[in-house]
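> Protein chains in written order, with the numbering used here: chain P, 1 to 345; chain B, 1001 to 1345; chain Z, 2001 to 2345.
Backbone N, C-alpha and C define an ideal beta-carbon position, used for all residues, glycine too.
Given the structure is predicted, the values throughout are model-derived calculations rather than measurements.
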Amino acid sequence: MELLLSRIAEVTQGEVKGDMDKIIRDVAPFDTASEDDITCASEAKYLKRLEQTNAGAVIVPKTFEASTKNIIQVDNPRLAFAKVLELFYPSAKPMSGISSKVSIGQPFSQGQEISIAPYVVIGDNVTLGHRVILYPNVVIGDNIVIGDDVKIYPNVTILDRTIIGNRVTIHAGSVIGSDGFGFVPDGEKHYKIPHTGIVQIDDDVEIGAGNTIDRATFGKTWIKKGVKTDNLVHIGHNVTVGENSILVAQVGISGSVTIGKHAVLAGQAGVGGHLTIGDNVIIGPQAGVAQSVPDGEVLSGTLAMPHRIWLRVQKIIPQLPELKKRLTGLEKKLKKIEGSEGENG
Amino acid sequence: MELLLSRIAEVTQGEVKGDMDKIIRDVAPFDTASEDDITCASEAKYLKRLEQTNAGAVIVPKTFEASTKNIIQVDNPRLAFAKVLELFYPSAKPMSGISSKVSIGQPFSQGQEISIAPYVVIGDNVTLGHRVILYPNVVIGDNIVIGDDVKIYPNVTILDRTIIGNRVTIHAGSVIGSDGFGFVPDGEKHYKIPHTGIVQIDDDVEIGAGNTIDRATFGKTWIKKGVKTDNLVHIGHNVTVGENSILVAQVGISGSVTIGKHAVLAGQAGVGGHLTIGDNVIIGPQAGVAQSVPDGEVLSGTLAMPHRIWLRVQKIIPQLPELKKRLTGLEKKLKKIEGSEGENG
Amino acid sequence: MELLLSRIAEVTQGEVKGDMDKIIRDVAPFDTASEDDITCASEAKYLKRLEQTNAGAVIVPKTFEASTKNIIQVDNPRLAFAKVLELFYPSAKPMSGISSKVSIGQPFSQGQEISIAPYVVIGDNVTLGHRVILYPNVVIGDNIVIGDDVKIYPNVTILDRTIIGNRVTIHAGSVIGSDGFGFVPDGEKHYKIPHTGIVQIDDDVEIGAGNTIDRATFGKTWIKKGVKTDNLVHIGHNVTVGENSILVAQVGISGSVTIGKHAVLAGQAGVGGHLTIGDNVIIGPQAGVAQSVPDGEVLSGTLAMPHRIWLRVQKIIPQLPELKKRLTGLEKKLKKIEGSEGENG
Chain P
1 MELLLSRIAE VTQGEVKGDM DKIIRDVAPF DTASEDDITC ASEAKYLKRL
51 EQTNAGAVIV PKTFEASTKN IIQVDNPRLA FAKVLELFYP SAKPMSGISS
101 KVSIGQPFSQ GQEISIAPYV VIGDNVTLGH RVILYPNVVI GDNIVIGDDV
151 KIYPNVTILD RTIIGNRVTI HAGSVIGSDG FGFVPDGEKH YKIPHTGIVQ
201 IDDDVEIGAG NTIDRATFGK TWIKKGVKTD NLVHIGHNVT VGENSILVAQ
251 VGISGSVTIG KHAVLAGQAG VGGHLTIGDN VIIGPQAGVA QSVPDGEVLS
301 GTLAMPHRIW LRVQKIIPQL PELKKRLTGL EKKLKKIEGS EGENG
Chain B
1001 MELLLSRIAE VTQGEVKGDM DKIIRDVAPF DTASEDDITC ASEAKYLKRL
1051 EQTNAGAVIV PKTFEASTKN IIQVDNPRLA FAKVLELFYP SAKPMSGISS
1101 KVSIGQPFSQ GQEISIAPYV VIGDNVTLGH RVILYPNVVI GDNIVIGDDV
1151 KIYPNVTILD RTIIGNRVTI HAGSVIGSDG FGFVPDGEKH YKIPHTGIVQ
1201 IDDDVEIGAG NTIDRATFGK TWIKKGVKTD NLVHIGHNVT VGENSILVAQ
1251 VGISGSVTIG KHAVLAGQAG VGGHLTIGDN VIIGPQAGVA QSVPDGEVLS
1301 GTLAMPHRIW LRVQKIIPQL PELKKRLTGL EKKLKKIEGS EGENG
Chain Z
2001 MELLLSRIAE VTQGEVKGDM DKIIRDVAPF DTASEDDITC ASEAKYLKRL
2051 EQTNAGAVIV PKTFEASTKN IIQVDNPRLA FAKVLELFYP SAKPMSGISS
2101 KVSIGQPFSQ GQEISIAPYV VIGDNVTLGH RVILYPNVVI GDNIVIGDDV
2151 KIYPNVTILD RTIIGNRVTI HAGSVIGSDG FGFVPDGEKH YKIPHTGIVQ
2201 IDDDVEIGAG NTIDRATFGK TWIKKGVKTD NLVHIGHNVT VGENSILVAQ
2251 VGISGSVTIG KHAVLAGQAG VGGHLTIGDN VIIGPQAGVA QSVPDGEVLS
2301 GTLAMPHRIW LRVQKIIPQL PELKKRLTGL EKKLKKIEGS EGENG
């Protein structure tokens, strides 16, 4: 693909300093870009050594000026760069149409320009919006509504009564709408609680590969607008994840948790059942959240240290209550001594 | 669906106080139930404000009496409620029969009223019991025996020689019978140990979505009667999970671990290889079990605290052995001083 | 199968002491082996009680001599045992050939003796080497090259432009080449960064069940020669895993991490973004790695203790900075007192 620098400036709403008619053929990282490539220098560490890139053009912050390079000045260089990447690498459009090797129930309502790949199975009473893409071996249950511009990658399972909004992407191998993990003790056994609720996924959500999102006992498990999940994330029954929140890989959310807007849960973090995580909360990697967290809090709790030290540390941690007691005892004794010292003096 | 309250009392083995002929049309949570719904008040917090629900009837403990509401008194309200839910929401019965779009090996032995959905693949020498339901795109290997009333959700993989009992449910995307993770060092390389064993899943087990259960090196990986696993659980080769034990989401069990009966492993807990976890043990969320655990023990070990505190705490934790030493040193010195004080005094 | 002990010695490059013509019919663990079985005694605990096994022959270290049993002396008993297992249990060879129930794009280049099971989908411009085995319901995208002797288990998804070497095994349900988790903040929303890179998997790699390996933003996510991953492992975009390294179950590797050769990451360990893990590093189970780790380091950090102790310990851990301060304060005071004591004395 060949694009004029002026065209790229237009798409990124930026301003060119240098050769407007420079032809750009590809996008590349700062250190490996060549004369035909455009790259990005969003951080000081790149801006400082801007003259060292061989890129034919560089996207820079608006405040950055002096350069012998062709630059495009923009408000948000990383965002502009993502848009340029999209320009050069538009997401593949699978051939429109429905393969003959599929199984589709009745009634079935379809939008325009949908793609259904081989060995997709669609249950009864399903509605697909415009430009929906179902990759091979996707399974869609009964009574499901999917909006426009939804992309569902191979081997995904969407179970009965799930509702999916517009511009949703679900990556390969994920399961949406499995039963919640709910059992009632019945003597020695566990009696299964039927899960009569659903999963609702709102607009602009992206679900990573290998996720499992359980349906609600009653009502709905609700993934709100703009949420992004990474791979192997587990979301329990009746969870609500607020708008634009981010769940990084291998996060686990127990049943009936409510997460606010713009929260970030880092990799392998876990949240206990029935808790409320506020807006803009950040939970660090591997942190185990056992209490509700107010808006804006930042929690951490991950551990790694040299094994030889850990061998001794892990023996002392259970002794901490005793150590604290001994410390307090010492303080008292010392106070007494100081008192008598004072008397003496 | 419409059911008389007397009929519901019958199913739950409860006793009605109020209008036996009240018609119930649905089931709902305490706070959102309407006049046509039945709900449940199992805990004190609901019983205290029983008059506030709009539900047409309420399931309550046997000991609870006084109410202007229609009540059903039962031994175990939550269990009764689960049974009522099942009454109103019976699990879907897929159309009985075998799709023409399947691939089935020889010999194949099938029970009555089985359902096999499109694009299911069944290997050679497979036996399916009565009323088995295989959802779309399930893959069943060779030499497999599956009991009665087993339900296997979409995109599940069951590998060669697995044995599955009666009334087992396996949720979408799970893998049963993958090779155990066993390699022998061969110089710089890792030489694969063939896994000649199997996975055996006994009656009344429910396996969550996205689980991976490895086959044994020799003998069997054994999931005993009544075990329930949540989503994304990993069970290594040669593990035994005892009757009615519960593995919550993202739990990981290393190879050759033995878990007793009625154990509960909370979310993201991990158990090291070759350990024995006793009966009725409870392992807290994210706990990392590095030693065998006797019957009835309760272990914990998860961490989360404000990030600004954690930044300082994580520097001090590796110093704990040194701090303990300093504390002991202080105690000795103080004792000496006290001694000389005594002498002085 | 029946094999002479002399034949087994040949395969394991070992030396028989005892009956060369002994017929061996199966392989079994030390304690359950019978007269027709061969077993292995690699560790002292088995060698000590060698006379107690009923096995017809035992594989032992070269240094071990005295026994009334038939023994095979070898350099590496566990390796020899793995080879004997392979002899008795050769990996199943699926019927060679391509099922008629598949969907294959164009152009398609295939080696000799390949097996493609029902409901496999292969995109356009795919090359498969000799003796490749694709199990049922595998999905292979467009522009993919797969080497010789590769085995891909059911329900695996391999996405566009992935490159796979020779003798690679990928277990059921894994996803190779999903988009990396990369978004740029765009006001309140998250703007997706297109992932234009690929995943490259080199020779002799084995990927466990339910893994997710993301493609690179640019360039490649690279799993080098001889790497073995256990189940439910997550590998982010642009990660490099060095030769013969091992990732145990449920490990999570964040984006742009570089792992050296012969590293071992134990179960549920996590590594933060952009870090470098050196050669021969060992990361303990559940350890959360937040800093780069030099060659040869061993890190740990997992926690579990009795719940009643943990209830008190977890309150004290956040107080550690204060406790340290108090300890230092005490030391100062004591020093002062000792000073004045000295003066007194």
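Using a Cβ-Cβ cutoff of less than 6 Å, which residues in the same chain neighbour C1040(B) once the five nearest sequence positions on both sides are dropped?
Here residue 1040(B) refers to the residue found at position 40 of the second sequence. I1059, P1077, F1081, listed in sequence order.
> Which residues of the segment 167-190 of chain P have a Cβ closer than 7 Å to any Cβ of chain B? Give them in chain order.
Residues passing the 7 Å Cβ filter: G173, V175, S178, D179, F181, F183, V184, D186, E188, K189, H190.
> Scan the segment 1096-1113 of chain B for residues whose Cβ lies nearer than 7 Å to a Cβ of chain Z and list them as they occur along the chain.
Listed by position, the residues of the segment 1096-1113 of chain B near chain Z (Cβ gap below 7 Å) are S1103.
> How many Å lie between Y1089(B) and I1008(B) at the Cα?
Stepping through the second sequence from its first residue, residue 1089(B) is reached at position 89. Stepping through the second sequence from its first residue, residue 1008(B) is reached at position 8. Spanning the two alpha carbons is a distance of roughly 14 Å.
> I'd like to know if A2209(Z) contacts chain P, where contact means its C-beta is closer than 8 Å to some C-beta of that chain.
Numbered from its first residue, the third sequence carries residue 2209(Z) at position 209. Judged by the 8 Å Cβ criterion, A2209(Z) is not in contact with chain P.
> Go ahead and label G345(P) buried or exposed: buried means 16 or more other beta carbons lie within 10 angstroms of its beta carbon, across all protein chains shown.
Looking up residue 345(P) in the first sequence gives position 345. With a pLDDT of 44 at G345(P), under the threshold of 50, the modelled position of this residue cannot be trusted; read the value that follows with caution. That one is exposed.
> Excluding the five sequence neighbours on either side, which residues of its own chain have a C-beta within less than 7 Å of the C-beta of Y2046(Z), listed in chain order?
Along the third sequence, one-based indexing puts residue 2046(Z) at 46. Excluding sequence neighbours, Y2046(Z) sits near F2030.
> Counting only runs that start and end within the segment 1002-1082 of chain B, where is the alpha helix (DSSP H) found for 4 or more residues in a row?
List check, alpha helix (DSSP H) in window: 1005-1011, 1044-1047.
> Short of 8 Å in beta carbon distance, which residues of its chain neighbour L1085(B), apart from the five on each side in sequence? Order them along the chain.
Position 85 of the second sequence, counted from the first residue, corresponds to residue 1085(B). Cβ neighbours of L1085(B) beyond the five flanking positions: V1027.
> Can you give me the Cβ contacts of E1206(B) inside the same chain, cut-off strictly under 6 Å, excluding the 5 residues immediately before and after it?
Residue mapping note: residue 1206(B) aligns to position 206 of the second sequence, counting from 1. Correct list, in chain order: T1169, K1228.
> What are the boundary residues of the beta strand (DSSP E) that includes K315(P)?
Mapped onto the first sequence, residue 315(P) falls at position 315. Element bounds for K315(P): not the beta strand (DSSP E) but the alpha helix (DSSP H), 307-316.
> Give the DSSP bridge partners of V1175(B), in chain order.
Your numbering for residue 1175(B) matches position 175 in the second sequence. V1175(B) is bridged to T1157(B), T1212(B).
> Buried or exposed for A66(P), going by 16 or more other Cβ atoms inside 10 Å?
Here residue 66(P) refers to the residue found at position 66 when the first sequence is read from its first residue. With fewer than 16 Cβ atoms within 10 Å of its Cβ, A66(P) is classed as exposed.
> Spatial neighbours of S360(P) within its chain, please: CB distance less than 7 Å, with the 5 preceding and 5 following residues excluded, ordered by chain position.
No answer is possible for residue 360(P): the residues shown for chain P start at 1 and end at 345.
> Does the beta carbon of L330(P) sit closer than 8 Å to a beta carbon anywhere in chain B?
If you number the first sequence from 1, residue 330(P) lands on position 330. Chain B contact via Cβ: present.
> Counting contacts by CB-CB distance shorter than 8 Å, is P1061(B) in contact with chain P?
Here residue 1061(B) corresponds to residue number 61 of the second sequence, with the count starting at 1. Answer no: the Cβ-Cβ gap between P1061(B) and chain P never drops below 8 Å.
> Here's the rule I'm using: 16 or more other beta-carbon atoms within 10 Å means buried, otherwise exposed. How should G1242(B) be labelled?
Residue numbering aside, residue 1242(B) sits at position 242 when the second sequence is read from its first letter. By the 10 Å Cβ count, G1242(B) comes out buried.
> In chain P, which residues lie with their C-beta within 9 Å of the C-beta of V1248(B)?
For this step, residue 1248(B) is matched to residue 248 along the second sequence. The answer, in chain order, is F181, G252, S254.
> Since A1216(B) and H1237(B) should fall inside the 8 Å C-beta cutoff, what is the C-beta to C-beta distance between them, to a whole number of angstroms?
The count along the second sequence starts at 1 and reaches residue 1216(B) at position 216. The count along the second sequence starts at 1 and reaches residue 1237(B) at position 237. A1216(B) to H1237(B), Cβ: 5 Å. Contact.
> Take N1054(B) and list the residues in its own chain whose beta-carbon comes closer than 7 Å to its own, dropping the five residues that flank it on each side.
To locate residue 1054(B), count along the second sequence from 1; it is residue 54. A1033, S1034, E1035.
> Mind checking the segment 2291-2308 of chain Z against chain B and listing, in chain order, the residues whose C-beta falls within less than 9 Å of any C-beta there?
Cβ contacts with chain B: G2301, T2302, L2303, A2304, M2305, P2306, H2307, R2308.
> Q286(P) versus chain Z: which residues are under 8 Å apart at the beta carbon?
Here residue 286(P) corresponds to residue number 286 of the first sequence, with the count starting at 1. Per Cβ cutoff of 8 Å: G2270, Q2286, G2288.
> Among the residues of its own chain, which have a CB less than 6 Å from the CB of I259(P), if the five just before and after it don't count?
For this step, residue 259(P) is matched to residue 259 along the first sequence. Same-chain partners within the cutoff: V241, G242, S245, I277.
> Tell me where the beta strand (DSSP E) around Y1191(B) begins and ends.
Taking the first residue of the second sequence as 1, we reach residue 1191(B) at position 191. Residues 1189-1192.
> For I1023(B), does the count of other Cβ atoms within 10 angstroms reach 16, so buried, or fall short, so exposed?
Walking along the second sequence from the start, residue 1023(B) turns up at place 23. Exposed.
> Closest to K2192(Z) by C-alpha separation, out of D2202(Z), D2179(Z), I2201(Z), I2198(Z), would be which residue?
Locating residue 2192(Z) in the third sequence gives position 192, counting from the first residue. Residue D2179(Z) is the option with its Cα nearest to K2192(Z).
> Could you check the C-alpha separation between R2025(Z) and K2069(Z) for me, to the nearest Å?
For this step, residue 2025(Z) is matched to residue 25 along the third sequence. For this step, residue 2069(Z) is matched to residue 69 along the third sequence. Spanning the two alpha carbons is a distance of roughly 17 Å.
> Roughly how many angstroms separate the alpha carbons of V1011(B) and K1083(B), rounded to a whole number?
Start at 1 with the first residue of the second sequence, and residue 1011(B) comes out as number 11. Start at 1 with the first residue of the second sequence, and residue 1083(B) comes out as number 83. Answer to the nearest angstrom: the Cα atoms are 7 Å apart.
> Are there 16 or more other CB atoms within 10 angstroms of the CB of H1274(B), so buried, or fewer, so exposed?
Walking along the second sequence from the start, residue 1274(B) turns up at place 274. With fewer than 16 other Cβ atoms within 10 Å, it is exposed.
> Label D21(P) either buried or exposed according to how many other C-beta atoms from any shown protein chain fall within 10 Å of its C-beta, with 16 as the threshold for buried.
In the first sequence, counting from the first residue as 1, residue 21(P) sits at position 21. So D21(P) ends up on the exposed side.
> Pick from Y2135(Z), D2149(Z), L2334(Z), I2140(Z): whose alpha carbon is nearest that of P136(P)?
For the purposes of this step, residue 136(P) is taken as residue 136 along the first sequence, with counting starting at 1. The shortest Cα separation from P136(P) among Y2135(Z), D2149(Z), L2334(Z), I2140(Z) belongs to I2140(Z).
> Closer than 7 Å, Cβ to Cβ, to anything on chain P: give me those residues from the segment 2127-2143 of chain Z, in chain order.
So the list reads N2137, V2139, given in the order they occur along the chain.
> Taking 8 Å as the CB-CB limit, is R1078(B) close to chain P?
On the second sequence, position 78 is the one that residue 1078(B) refers to. R1078(B) counts as touching chain P.
> How many Å lie between N125(P) and Q106(P) at the Cα?
The residue you call residue 125(P) lines up with position 125 of the first sequence. The residue you call residue 106(P) lines up with position 106 of the first sequence. Taking the straight line from one Cα to the other gives about 6 Å.
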